[in-house]
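Chains as they are written, first to last, in numbering that gives the first Met the number 0: chain C, 0 to 82; chain A, 0 to 82. Have a look at the structure below, then the notes.
There are 2 protein chains.
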Amino acid sequence: MLKVKVFVTLRESVLDPQGVAVKGALHTMDYKEVQEVRIGKYLELQLEKTENVEERVKEMCEKILANTVIEDYRFEIEEVVPS
Amino acid sequence: MLKVKVFVTLRESVLDPQGVAVKGALHTMDYKEVQEVRIGKYLELQLEKTENVEERVKEMCEKILANTVIEDYRFEIEEVVPS
Numbered sequence: 000m001l002k003v004k005v006f007v008t009l010r011e012s013v014l015d016p017q018g019v020a021v022k023g024a025l026h027t028m029d030y031k032e033v034q035e036v037r038i039g040k041y042l043e044l045q046l047e048k049t050e051n052v053e054e055r056v057k058e059m060c061e062k063i064l065a066n067t068v069i070e071d072y073r074f075e076i077e078e079v080v081p082s
Numbered sequence: 000m001l002k003v004k005v006f007v008t009l010r011e012s013v014l015d016p017q018g019v020a021v022k023g024a025l026h027t028m029d030y031k032e033v034q035e036v037r038i039g040k041y042l043e044l045q046l047e048k049t050e051n052v053e054e055r056v057k058e059m060c061e062k063i064l065a066n067t068v069i070e071d072y073r074f075e076i077e078e079v080v081p082s
């Protein structure tokens, strides 16, 4: 079994209104040290091991997990040791 | 300047309808190897260095970045080297 961690983030060029709102709230709560907040998605997938797993995860990201018009993605694949 | 990566995930005991929906879609697209999908938030904060930064980030998570009733959080703090 494999565990895949996928990080989906808005592209630098894309405005992040959610991030701006959270930053404002943090400043209101006196966390003035916060300069910027960017909010994205963090997905954890459990997969059975297959051939070309890297390629298939890339396809999953490109097709459904990320909107590649406005988002970037990266992923990490780990072997899950049965407990 | 510091960069803080925050990972917010639903607690194991909490049903993840979004994750179930994405898993179903992946199966429809013939990625049958996918056993489970859990969807959470990934936040990147840029902060000015302060005293007790770890404690203050913990507070930010507890108060606003995560809903600790149904979510867990963890974070990583990195020094940002000015380019």
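We put the CB at the ideal spot given by N, CA and C, even for glycine.
Residue i in three-state terms, based on DSSP
| i | result |
| --- | --- |
| C/Ile38 | strand |
| C/Leu44 | strand |
| C/Pro16 | helix |
| C/Met28 | coil |
Residue i - partner residues in DSSP beta bridges
| i | result |
| --- | --- |
| A/Leu9 | A/Glu70 |
| A/Val3 | A/Leu44, A/Ile76 |
| C/Val21 | Answer is none; C/Val21 lacks a bridge partner. |
| A/Val33 | C/Leu46 |
Whether residue i touches residue j by CB criterion (7 Å)
| i | j | result |
| --- | --- | --- |
| A/Ile76 | A/Val3 | yes |
| A/Val19 | A/Glu70 | no |
| C/Leu42 | A/Ile63 | no |
| C/Leu1 | C/Lys48 | yes |
| A/Gln17 | C/Gln34 | no |
| C/Val13 | C/Val36 | no |
| A/Met28 | C/Tyr30 | no |
Near the ligand NAD: residue i beta-carbon under 6 Å from a heavy atom
| i | result |
| --- | --- |
| C/Met28 | The ligand NAD is not part of this structure, which contains no ligands at all. |
- request: Note down, in chain order, all residues in the region 24 to 42 of chain A with a beta-carbon under 7 Å from any beta-carbon belonging to chain C.
  value: Going along the region 24 to 42 of chain A in chain order, one finds Ala24, Leu25, Met28, Tyr30, Glu32, Val33, Gln34, Glu35, Val36, Arg37, Ile38, Gly39, Lys40, Tyr41, Leu42 with a Cβ nearer than 7 Å to chain C.
Interface residues of the region 57 to 69 of chain A facing chain C [CB-CB below 9 Å]: Per Cβ criterion, the list reads Glu58, Met59, Lys62, Ile63, Leu64.
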